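Below: one structure, written as structure tokens.
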Amino acid sequence: MRPYALTGGRTQYDGHDLDMVALIETLDDPGEPGQVHGLRTGGRADALDPEHEMILSLCRTPLSVVEIASDLELPLGVVRVLLGDLLDRSLVRVRRPAPVAQFPGERVLKEVIDGIRAL
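One rule links them: number in my numbering = place in the sequence shown (from 1) + 44.
Okay, structure coming up:
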């Protein structure tokens with residue numbers, strides 16, 4: 045029940061696809077817990093939930109999505125939804141993981157092994 049309550053029933057974030065290893069970084073100083081941040085809904089500014097505040101505090105030093113989930117002891121899907129809320133408010137930045145380097149082909153590996161054997 046608790047994860048469902050934390051996300052208001054949402055099971056995924058509709059914006060960015062948040063990779064598990066993407067780095068999240070706080071953009072502005074969140075200040076005091078409960079401080080009101082820029083999102084306006086229905087004519088009023090919404091205060092952040094404690095979980096949002098904890099994420100902002102953790103991400104003063106960039107952390108991966110999976111590290112945040114581990115530190116908060118929350119399911120990965122819940123953390124992705126909470127991060128989406130912070131992205132919508134422009135309070136965090138996502139740094140995409142670097143693409144995995146292309147591995148050498150089988151032919152190249154065989155040539156290297158043959159070269160080593162020849163020594």
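Think of the CB as a built atom: it goes at the ideal place given N, C-alpha and C, for glycine as much as any other residue.
Bear in mind that the values here come from a model prediction, so they are computed numbers and not experimental data.
Spatial neighbours of residue i within its chain, please: C-beta separation below 8 Å, excluding the five flanking residues on both sides.
i, result
"V123", "I99, V109, I112, A113 and L116"
"I157", "none"
When you compare only the Cα positions, how much space is there between residue i and residue j?
i, j, result
"L71", "L135", "5 Å"
"L120", "D129", "14 Å"
"T166", "M64", "Examination of residue 166 is not possible in this model, given that the chain is present from 45 through 163 alone."
"L62", "G149", "30 Å"
"L153", "L126", "44 Å"
"R151", "A162", "16 Å"
"R84", "D132", "Its pLDDT being 36, under 50, R84 is placed unreliably by the model, and the measurement read from it follows with that caveat. If I take the Cα positions, the gap works out to 11 Å."
Might you give, ordered along the chain, the residues of its own chain that have their beta carbon closer than 7 Å to the beta carbon of residue i, omitting 5 neighbours on each side?
i, result
"L102", "I112 and D115"
"E155", "none"
"P141", "D63, V65 and A66"
Can the beta-carbon of residue i be found closer than 8 Å to that of residue j?
i, j, result
"A66", "R137", "no"
"E95", "L50", "yes"
"L107", "I68", "yes"
Spatial neighbours of residue i within its chain, please: CB distance less than 6 Å, with the 5 preceding and 5 following residues excluded, ordered by chain position.
i, result
"D58", "none"
"R54", "V125"
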